[in-house]
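Residue numbers (UniProt numbering): 1 to 166.
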Amino acid sequence: MTTVNHGWQSGLDLLDADVPAIHALKRFINHHVEMFLAEWGRLMHSASAPSSFRYDYRGWAVILRQGGFQHEHIHSRTNLVGVYYAQVPAVPPGVVAGGALSLTDPRGGRLATRAMWDVDRINLQPVAGRLLLFPSFLAHRVEQLLVPGERISINFDVQVDAVSPR
Numbered sequence: 001m002t003t004v005n006h007g008w009q010s011g012l013d014l015l016d017a018d019v020p021a022i023h024a025l026k027r028f029i030n031h032h033v034e035m036f037l038a039e040w041g042r043l044m045h046s047a048s049a050p051s052s053f054r055y056d057y058r059g060w061a062v063i064l065r066q067g068g069f070q071h072e073h074i075h076s077r078t079n080l081v082g083v084y085y086a087q088v089p090a091v092p093p094g095v096v097a098g099g100a101l102s103l104t105d106p107r108g109g110r111l112a113t114r115a116m117w118d119v120d121r122i123n124l125q126p127v128a129g130r131l132l133l134f135p136s137f138l139a140h141r142v143e144q145l146l147v148p149g150e151r152i153s154i155n156f157d158v159q160v161d162a163v164s165p166r
């Protein structure tokens with residue numbers, strides 16, 4: 001099932017392709033996932049925290065055209081979600097392009113404790129070459145792309161397993 005509207009989504013085996021561009025992208029993804037996991041392990045700083053992690057991921061491409069968007073969704077049966085922006089439409093300064101990744105605040109009590117600094121969502125504008133990682137339980141959507149052109153992202157689910165020290 002896909003959440004893509006007015007666009008296209010590849011199969012889930014995109015990152016299995018044996019081509020130089022995919023090999024380079026996987027090195028880039030691996031570097032960022034490993035940095036994320038190292039920092040996560042450091043922040044946990046518990047004697048029971050795993051000292052290292054194993055991970056695997058599968059990925060797919062999404063191309064959105066003008067008017068395209070993705071409905072709100074989560075990624076189940078995985079730990080992290082990654083997005084790499086391969087291409088975004090070029091727009092003049094001051095023009096709102098749309099196509100933001102919108103992350104929903106997961107706190108259950110957020111509506112009962114409204115404060116002036118609370119927001120329900122954080123919108124992250126796509127930037128070509130940027131890679132984002134976030135927990136899979138965060139509901140998210142892609143806002144409508146308002147300008148001509150294509151917003152191309154490579155998305156991936158990361159499954160993480162702790163490696164126990166021997």
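For every residue, glycine included, the Cβ atom is placed at its ideal position computed from N, Cα and C.
Bounds of any beta strand (DSSP E) do not take in residue 79, whose DSSP letter is neither H nor E.
Taking 7 Å as the cut-off, the beta carbon of residue 143 is found closer than this to the beta carbon of residue 100. In this structure the stretch 61-80 does not touch the stretch 16-26; the number of beta carbon pairs closer than 8 Å is below three. Ranking 128, 130, 134, 105 by CA distance to the CA of residue 122 puts 105 first. By the Cβ rule, the stretch 55-66 counts as touching the stretch 5-13, because three or more pairs are nearer than 8 Å. Counted as a single uninterrupted DSSP element, the alpha helix (DSSP H) harbouring residue 37 occupies residues 20-44. Secondary structure of residue 120 (DSSP, three-state): coil.
For the set 107, 92, 43, 125, the Cα lying nearest the Cα of residue 83 is the one of 125.
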